[in-house]
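Engineer: Take any residue in the sequence shown, note its place counting from 1, add 16, and you have its number in my numbering.
Each residue gets a CB set at the ideal place from its N, CA and C atoms; glycine is no exception.
One structure follows; several queries about it will come next.
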Amino acid sequence: MATYAIERQSLEQVAHFLAGRFDRDVHIVEHESREGTLTGLMVNNPRGPDTPAIRLLFQQDVLAIYEGLTLAAQADFRSRCNSKLVGALLIYERIRAAGELGSPQAYVIEFGEELLQAAESAARPTR
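And the structure:
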């Protein structure tokens, strides 16, 4: 069963939505960069025990905007994050299989404003 150590509600929502892409015994914890401009999730054992960790990083302002979106726009944003994660996991698997990513290293996936802008425009009514 997946375990979580997350305080920020927006990160928890995203983590629960994306958890199905990982091993069932994944451990997901909140992670903040030293600069304070990025925050995110550290996914430990994403493909089973002793597999390289994955960092899912979000710009601080992206999460602040996400928290103010409508429920529909939030769902759209999470869906776009999921789509990006699916593609990134294919790359992760290739790098891991080639032996270019060891267990102490983390594979970084960044989620930027482009996912949010698409979610915001999807939430706007059309005329």
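Measuring CB atoms only, is the region 50–68 touching the region 83–93, in the sense that at least three cross pairs come out at less than 8 Å?
Structural biologist: no
Engineer: Is P65 closer than 9 Å to Y123 when the C-beta atoms are compared?
Structural biologist: No, these two residues do not count as a Cβ contact at 9 Å.
Engineer: Curious, which full-length beta strand (DSSP E) runs of at least 3 residues does the region 53–115 contain?
Structural biologist: 54–60, 69–75
Engineer: Bridge partners for A21 per DSSP, in chain order?
Structural biologist: V45
Engineer: When you compare only the Cα positions, how much space is there between E129 and C97?
Structural biologist: Taking the straight line joining both Cα atoms gives about 11 Å.
Engineer: Using 8 Å as the cut-off, can you tell me whether the region 28–42 makes contact with the region 100–119, which would need three or more C-beta pairs spanning the two stretches below that distance?
Structural biologist: yes
Engineer: Starting from E126, follow its DSSP beta bridges and name the residues at the other end.
Structural biologist: L73
Engineer: What's the C-alpha gap between T55 and G118?
Structural biologist: 23 Å
Engineer: Assign S26 to one of three DSSP states: helix, strand, or coil.
Structural biologist: helix
Engineer: Could you compute how far the alpha carbon of T142 sits from the alpha carbon of L87?
Structural biologist: The predicted position of T142 is uncertain, since its pLDDT is 48 and thus under 50; a value taken from the coordinates is nonetheless stated next. Taking the straight line from one Cα to the other gives about 18 Å.
Engineer: Quick one: is R112 buried, meaning 16 or more other Cβ sit within 10 Å of its Cβ, or exposed?
Structural biologist: Here R112 is buried: its Cβ has 16 or more other Cβ atoms, across all protein chains shown, within 10 Å.
Engineer: Would you tell me roughly how many angstroms separate the C-alpha atoms of R71 and V45, rounded to the nearest one?
Structural biologist: 10 Å
Engineer: What do you reckon, are the CB atoms on L101 and I81 nearer than 9 Å?
Structural biologist: no
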